[in-house]
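Residue numbers (our numbering), protein chains in the order written: chain A, 7 to 97; chain B, 45 to 410.
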């Protein structure tokens, strides 16, 4: 039940004179609405972790990229992951 | 999918597994607290990949499983009231009560609706002003902000026909209850990442110090789980005990202050009964008195007979890590997802359901 999924914010609607932000979030192409009331600084293009219709955290891209260090250390960082790592850092 | 597929990478899984195999010397029992982590470990076959001297013990982190039978009976009672729309997460509806489950109540004419979010229930209340809408608000700290937010929305919009039937539970007191049990055989914990995304990590320092055990805040994907296990094993092998955070891309040390403020606005800490485990002091949330108009427990005068459950169900021992699901004599025979004796067989995070669906009972004890 604590399932939460990362998705990319596509657009944001402001309600109640801007006090409430509701986002359209894409989960691998599937769009669902999520409240941004718990992460008010999240913006279009950011990845947020959504749980039961409420974004609970912004995904920290730098921290996420650290996972690739395992491949570097293991000497297994092939072209595929090099590309993926670069795109992760650029995005 | 970004932030998902790379954390399921077979190459990275392989690299971490090799490192675990290289450093592990002792025999260790590691408890993953959250039922979502249990399912990920089982579904991805990780239990069979770990060295045999690392035993994963499955914890009580399934809110559906620990919701008391009496509360399910109350939800069923409300669902059968003519004027009530009973809304719930899908997980709850097959869980057996003393008499029937919410699904059986629905089949007998009760207006039971399965929702993705409690915020949808407030919308239903607005659309049905002549009826009472009750949301069955279960969950750990992860779900508390969303359930609290539904009350904030209802209050803000003057929605009078909305209330929540709450059974919120808290993780740290449950870990304390497990560690204080004389039969406890847990050497280290993987703490539940999404709970910590809300609450932060500081609540776990006292547990680390008191019981001298490593606790590693861990995510849910295969790479997360194996990295959490690796960090835990490194501590165990070095004979040290620390609080560490594997899930840094999501969990900040101080948690989410907006979410904590929303919880504090609506809820207060209370004692809670945990199904299969018993009473644990200060282990849950109840709606604050000032918002009692939104508390279904107070709004409705619910008189139900004393709750009872099948005495042959061993789910309490499963959730405390004393037995594995398939060691229960009823597993897969008297107890199946279609006809469960207890909640862990039907919840999407229940350990019994994980073993049943992914056929782990046929695997030799590892």
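Even for Gly, the Cβ is constructed at its ideal location relative to N, Cα and C.
#1: I'd like to know if the region 190-207 of chain B and the region 287-300 of chain B are in contact, where contact means that at least 3 CB-CB pairs between them fall below 8 Å.
#2: Sort 64(A), 50(A), 44(A) by Cα distance to residue 194(B) and report the nearest one.
#3: So is residue 359(B) in contact with chain A if we call contact Cβ pairs under 8 Å?
#4: Looking at the C-beta of residue 17(A), does it have a partner C-beta in chain B at a distance below 8 Å?
#5: Pop quiz: residue 60(B) and residue 267(B) are said to be a contact at Cβ under 8 Å. What is the actual Cβ separation, rounded to whole angstroms?
#6: Taking DSSP as the reference, what is the three-state secondary structure of residue 173(B)?
#7: Which chain B residues are close to residue 50(A), counting only those with a beta carbon under 9 Å from its beta carbon?
#8: Please classify residue 326(B) as buried or exposed, where buried requires at least 16 neighbouring CB atoms within 10 angstroms.
#9: Buried or exposed: which applies to residue 270(B), given that a residue is buried once 16 or more other Cβ atoms fall within 10 Å of its Cβ?
#10: Please go through the region 86-110 of chain B and give each complete beta strand (DSSP E) segment of 3 or more residues, from N-terminal end onward.
#11: Give, in chain order, every residue of the region 155-172 of chain B whose Cβ lies closer than 8 Å to some Cβ of chain A.
#12: Run down chain B in chain order and give the residues with a C-beta less than 8 Å from the C-beta of residue 60(A).
#13: Expressed to the nearest angstrom, what Euclidean distance is found between the alpha-carbon atoms of residue 123(B) and residue 364(B)?
#14: Exposed or buried, residue 120(B), counting other C-beta atoms within 10 Å across all chains shown (16 or more means buried)?
#15: From this set, 95(B), 316(B), 323(B), 52(B), which residue's C-alpha is nearest residue 210(B)'s C-alpha?
#16: Please check if any C-beta of chain A sits within less than 8 Å of the C-beta of residue 59(B).
#17: Measuring straight from C-alpha to C-alpha, what distance separates residue 61(A) and residue 42(A)?
#18: Could you spell out the range, first to last residue, of the alpha helix (DSSP H) harbouring residue 19(A)?
#19: What does a CB cutoff of less than 6 Å around residue 175(B) pick up in its chain, not counting 5 residues either side in sequence?
#20: Going by C-alpha to C-alpha distance, which of 379(B), 78(B), 243(B), 255(B) sits closest to residue 355(B)?
#21: To the nearest angstrom, report how far apart residue 332(B) and residue 166(B) are at their CA atoms.
#22: Would residue 188(B) and residue 307(B) be called neighbours here (beta carbons separated by less than 8 Å)?
#23: Is the Cβ of residue 180(B) closer than 8 Å to any Cβ of chain A?
#24: With distances taken between CB atoms, is the gap from residue 141(B) to residue 113(B) smaller than 8 Å?
#25: When the cut-off is 8 Å and only beta carbons count, does residue 21(A) lie next to chain B?
#26: Please list the terminal residues of the continuous beta strand (DSSP E) segment that includes residue 137(B).
#27: Between which residues of its own chain and residue 52(B) is the CB-CB distance below 8 Å, once the five residues before and five after are set aside?
#28: Where residue 385(B) and residue 335(B) are concerned, what is the direct C-alpha to C-alpha distance, given to the nearest angstrom?
#29: Out of curiosity, what's the CA-to-CA distance linking residue 37(A) and residue 31(A)?
#30: Are the CB atoms of residue 381(B) and residue 359(B) within a distance shorter than 8 Å?
#31: Name the residues in the region 340-373 of chain B whose C-beta lies less than 8 Å from a C-beta of chain A; which are they?
#32: Mapping DSSP to helix, strand and coil, what is residue 133(B)?
#33: Kindly give me the distance between the Cβ atoms of residue 135(B) and residue 391(B), rounded to whole angstroms, as I take these residues to be in contact under 8 Å.
#34: Does residue 234(B) come out as helix, strand or coil in the three-state DSSP assignment?
#35: For residue 34(A), go through chain B and note every residue whose CB falls closer than 8 Å to its CB, in chain order.
#36: Here's a check: name, in chain order, each residue in its chain whose Cβ is nearer than 8 Å to the Cβ of residue 150(B), leaving out the five neighbours to either side.
Inspection of the coordinates gives the following:
#1: Touching, no, given that fewer than three Cβ pairs across the two stretches are closer than 8 Å.
#2: Between residue 194(B) and the set 64(A), 50(A), 44(A), the nearest pair of CA atoms involves 44(A).
#3: No, residue 359(B) lies away from the interface with chain A (no Cβ there is under 8 Å from its Cβ).
#4: Against chain B, the CB of residue 17(A) has no partner CB under 8 Å away; the residue lies outside that interface.
#5: Contact between residue 60(B) and residue 267(B) holds: CB atoms are separated by about 7 Å, below the 8 Å threshold.
#6: Annotated three-state conformation of residue 173(B) is coil, per DSSP.
#7: The contacting residues do not exist; residue 50(A) stays about 15 Å from chain B at best.
#8: By the Cβ-count criterion, residue 326(B) is exposed, with fewer than 16 other Cβ atoms from all chains shown falling within 10 Å of its own Cβ.
#9: Counting Cβ neighbours within 10 Å, residue 270(B) comes out buried, since at least 16 surround it.
#10: Runs found: 98-105.
#11: For the region 155-172 of chain B, the residues whose beta carbon sits under 8 Å from a beta carbon of chain A are, in order, 160, 161, 162, 163, 164.
#12: Under the 8 Å cutoff, chain B gives 161, 163, 189, 190, 193.
#13: For residue 123(B) and residue 364(B), the distance between alpha carbons rounds to 32 Å.
#14: Burial call: buried.
#15: Of 95(B), 316(B), 323(B), 52(B), the residue nearest in Cα terms is 316(B).
#16: Chain A contact via Cβ: present.
#17: About 6 Å.
#18: It is not in any alpha helix (DSSP H) - residue 19(A) instead sits in the beta strand (DSSP E) that spans 11-21.
#19: Cβ within range, chain order: 127, 129.
#20: The candidate whose alpha carbon is nearest that of residue 355(B) is 379(B).
#21: Approximately 19 Å between the Cα atoms of the pair.
#22: Yes; because the gap between Cβ atoms is below 8 Å, this pair is in contact.
#23: Proximity of residue 180(B) to chain A, defined by a Cβ-Cβ separation below 8 Å, is not satisfied.
#24: Contact flag set, yes.
#25: Not an interface residue.
#26: For residue 137(B), no beta strand (DSSP E) run applies, since DSSP gives it neither H nor E.
#27: 88, 265, 266, 267.
#28: Cα to Cα, residue 385(B) sits roughly 36 Å from residue 335(B).
#29: In this structure, the alpha-carbon of residue 37(A) lies about 5 Å from that of residue 31(A).
#30: Going by C-beta atoms, residue 359(B) is not nearer than 8 Å to residue 381(B).
#31: Answer set for the region 340-373 of chain B: empty.
#32: Under the three-state reduction of DSSP, residue 133(B) is assigned to coil, being neither helix nor strand.
#33: Cβ atoms of residue 135(B) and residue 391(B) come within 8 Å of each other, at about 5 Å.
#34: In this structure, residue 234(B) counts as strand in the three-state DSSP scheme.
#35: 45, 48, listed in chain order.
#36: Here the set comprises 123, 137, 156.
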